[in-house]
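Numbering (full-length UniProt numbering), first residue to last: 1 to 166. Just so it is clear, CB atoms sit at the ideal spot from N, CA and C, and this is done for glycine as well. Here the structure is laid out as structure tokens; the discussion comes afterwards.
Have a look at this one:
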């Protein structure tokens with residue numbers, strides 16, 4: 001049975017912060033909101049002792065912010081390389097590779113795509129993190145990624161609808 005302690009409470013707070021990020025249709029607002037969410041989530045994973053996930057979130061926060069300022073391939077590859085160099089040595093469980101892989105795909109998406117394509121790549125990342133959070137036992141993380149998937153699918157459908165009417 002999972003207990004609701006301080007670490008889980010921080011995860012639930014991150015869930016609330018993050019859920020609203022996926023409602024943004026504007027790419028830069030979405031990226032900036034993701035930055036704030038990832039900082040809070042990083043704290044949750046540190047408190048849970050899940051350092052691979054914490055590294056991934058910390059790097060992802062910096063990456064999300066950087067993607068609002070530049071679309072440089074060098075910067076993108078720096079963050080992808082950093083994810084792998086920091087993440088691999090801290091692996092405690094094989095399923096934690098999902099967080100590194102998902103974050104790498106999301107990084108590519110944040111620097112190389114916009115609109116619906118970006119949302120689909122972020123959706124893939126959410127599925128990777130959902131699997132990690134289920135296996136880790138993170139209540140907030142599991143609720144968060146499940147909600148992100150639903151809200152992101154809703155926003156994608158809104159974007160598709162507005163594209164058809166335009």
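Reference residue 32, options 41, 21 and 40, closest by Cα
Comparing Cα positions, the closest option is 21.
Would you say residue 5 reaches chain D, if we count a Cβ-Cβ gap shorter than 7 angstroms as a contact?
This model lacks chain D altogether; it includes just one protein chain.
Using 8 angstroms as the cut-off, can you tell me whether the region 78-85 makes contact with the region 39-47, which would need three or more C-beta pairs spanning the two stretches below that distance?
No, they do not touch.
Can at least three beta-carbon pairs, one atom from the region 9-19 and one from the region 112-125, be found at a separation below 8 angstroms?
Output reads no: the region 112-125 does not touch the region 9-19.
Beta-carbon proximity of residue 122 to residue 106, cut-off 7 angstroms
At the C-beta level, residue 122 and residue 106 come within 7 angstroms of one another.
Between residue 95 and residue 132, how many whole angstroms is the CB-CB distance? I'm expecting something under 8 angstroms.
Yes, residue 95 and residue 132 are in contact; Cβ-Cβ is about 6 angstroms, under 8 angstroms.
Could you tell me the alpha carbon to alpha carbon distance between residue 55 and residue 153, rounded to whole angstroms?
Taking C-alpha positions only, residue 55 is separated from residue 153 by approximately 27 angstroms.
For the ligand GTP, is there any heavy atom lying closer than 6 angstroms to the beta carbon of residue 76?
Among the components of this structure there are no ligands whatsoever, and the ligand GTP is therefore not found.
Is the beta carbon of residue 147 sitting closer than 7 angstroms to the one on residue 53?
In this structure, residue 53 does not lie closer than 7 angstroms to residue 147 by Cβ.
Apart from the five residues just before and just after residue 140, which ones in its own chain have a Cβ nearer than 7 angstroms to its Cβ?
Once the five neighbours on either side are set aside, the close Cβ partners of residue 140 are 8, 11, 12, 14, 15 and 44.
Buried or exposed, going by whether 16 or more other CB atoms sit within 10 Å of the CB of residue 92?
Its Cβ having fewer than 16 others within 10 Å, residue 92 is exposed.
Spatial neighbours of residue 67 in its chain, beta-carbon cut-off 7 angstroms, leaving aside the 5 residues before and after:
Counting only residues of its own chain and dropping the five nearest sequence neighbours on each side, residue 67 has a CB closer than 7 angstroms to the CB of 31, 110 and 111.
How is the alpha helix (DSSP H) around residue 172 delimited, first residue to last?
This structure cannot speak to residue 172, because the chain is shown only from 1 to 166.
Skipping 5 residues on each side, what residues in its chain have a beta carbon closer than 6 angstroms to that of residue 71?
Excluding its 5 nearest sequence neighbours in each direction, residue 71 has C-beta neighbours in its own chain below 6 angstroms: 111, listed in chain order.
Exposure label - residue 129; buried when at least 16 CB within 10 Å:
For residue 129, the number of other beta carbons within 10 angstroms of its own is at least 16, and it is reported as buried.
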